[in-house]
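Numbering (the numbering used here), first residue to last: 20 to 275. Beta carbons are placed, not taken as given, at the ideal position from N, Cα and C, and that holds for glycine. Only one structure is covered here, and it is reproduced in the block below.
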Ligand SMILES: C[S@@+](CC[C@H](N)C(=O)[O-])C[C@H]1O[C@@H](n2cnc3c(N)ncnc32)[C@H](O)[C@@H]1O
């Protein structure tokens with residue numbers, strides 16, 4: 020990883036760690052605060068990336084946090100931020116769980132912006148493993164931008180066109196080619212690879228993965244742009260065409 024990319028990763032992770040309003044995780048953080056008390060809990064942050072959320076859990080609750088990610092560059096950044104801020108109650112591990120399955124027991128497993136990046140057959144294997152490491156009353160908290168979301172392409176910070184995933188393929192390919200640049204990551208190391216790695220996640224797809232385990236959905240929130248208005252905060256807008264305004268889906272599943 021180049022020094023410039025390392026610095027970019029450190030700044031990004033530190034902002035996600037320290038800034039409650041950091042853009043793409045703002046709603047995740049507000050919802051976790053509203054729904055969960057993590058004091059005294061064992062937590063896994065699966066697909067922890069550069070560790071911003073992992074460190075945020077560790078700093079805000081008296082809990083023990085285990086961050087797991089397949090990408091060594093992401094784990095390198097996460098460990099540097101952990102050292103810089105002397106966060107003791109967190110550890111980070113680079114692990115490909117298909118080769119070395121997960122172990123331990125956890126009260127909460129978080130997958131923030133992870134499930135849309137993993138091929139569905141591998142995601143199924145991961146959920147079967149997560150089911151085994153979940154404590155009896157444990158819960159898995161999942162967040163992702165559904166494929167119809169204006170920002171699901173993960174390209175909006177450079178190609179500033181909402182829903183650009185629905186442009187004609189040749190137009191989108193041209194835009195990606197023109198704007199392509201390296202990003203922090205061993206596996207997905209530029210924008211093209213990151214876009215091609217997306218599985219076009221929907222509620223139906225993740226529900227199918229969950230249905231193949233013994234886990235049951237205990238909570239769902241579809242966060243839509245209209246929910247920013249206080250009086251409409253809790254109304255799900257899941258019908259066409261309003262479903263295209265949903266920016267993030269949140270699911271919680273447990274053993275019953
Ligand atoms: C968009 S990032 C999200 C990172 C972090 N959860 C956050 O919210 O900032 C997706 C992460 O999933 C990780 N990932 C993808 N496939 C994985 C796998 N099979 N096992 C573990 N992590 C994986 C990627 O390396 C990447 O760090």
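Inspect the beta-carbon positions of residue i and residue j and report whether they are closer than 8 Å.
i	j	result
residue 194	residue 202	no
residue 274	residue 234	yes
residue 138	residue 267	no
residue 80	residue 58	yes
residue 146	residue 245	no
residue 174	residue 89	no
residue 178	residue 141	no
residue 70	residue 91	no
residue 231	residue 143	yes
residue 265	residue 243	yes
residue 169	residue 148	no
residue 93	residue 204	yes
residue 134	residue 220	yes
Which residues bound the alpha helix (DSSP H) around residue i?
i	result
residue 36	22-37
residue 97	91-103
residue 270	Taken as a continuous stretch (DSSP letters only), residue 270 belongs to no alpha helix (DSSP H), being part of the beta strand (DSSP E) at 265-273.
residue 148	139-152
residue 78	71-79
residue 52	45-54
residue 196	188-198
residue 215	210-215
What number of angstroms, rounded off, separates the C-alpha of residue i from the C-alpha of residue j?
i	j	result
residue 222	residue 61	27 Å
residue 108	residue 215	35 Å
residue 253	residue 166	21 Å
residue 18	residue 105	Within the shown structure, residues of the chain are numbered from 20 to 275, placing residue 18 beyond reach of any answer.
residue 250	residue 262	19 Å
residue 191	residue 237	37 Å
residue 271	residue 226	11 Å
residue 45	residue 73	14 Å
residue 150	residue 240	21 Å
residue 113	residue 186	36 Å
residue 208	residue 48	27 Å
residue 28	residue 256	34 Å
residue 200	residue 154	42 Å
residue 30	residue 84	21 Å
residue 196	residue 20	22 Å
residue 41	residue 68	15 Å
residue 198	residue 172	14 Å
residue 247	residue 110	35 Å
Any idea if residue i is buried or exposed, counting beta-carbon neighbours within 10 angstroms, 16 or more meaning buried?
i	result
residue 269	buried
residue 102	exposed
residue 125	buried
residue 39	exposed
residue 26	exposed
residue 65	buried
residue 213	buried
residue 152	buried
residue 122	exposed
residue 23	exposed
residue 136	buried
Would you kindly report the start and end of the unbroken beta strand (DSSP E) that includes residue i?
i	result
residue 242	235-243
residue 231	Premise fails: residue 231 is in no beta strand (DSSP E) and is neither H nor E.
residue 130	125-131
residue 42	Here residue 42 belongs to no beta strand (DSSP E), and DSSP marks it neither H nor E.
residue 61	61-65
residue 83	83-88
residue 111	109-113
At least one CB of chain D closer than 8 Å to the CB of residue i: is that the case?
i	result
residue 39	Absence of chain D from the displayed structure is noted, only one protein chain being present.
Query raised in the report: Pairing CB atoms from the region 127-135 with CB atoms from the region 149-168, are three or more of them under 8 Å?
Result: yes
Report task. Please confirm if the region 27-36 is in contact with the region 51-58, defined as three or more CB-CB distances below 8 Å between the two stretches. Result -> no
Query raised in the report: Touching or not, the region 179-189 and the region 82-100, by the rule of three or more beta carbon pairs under 8 Å?
Result: no
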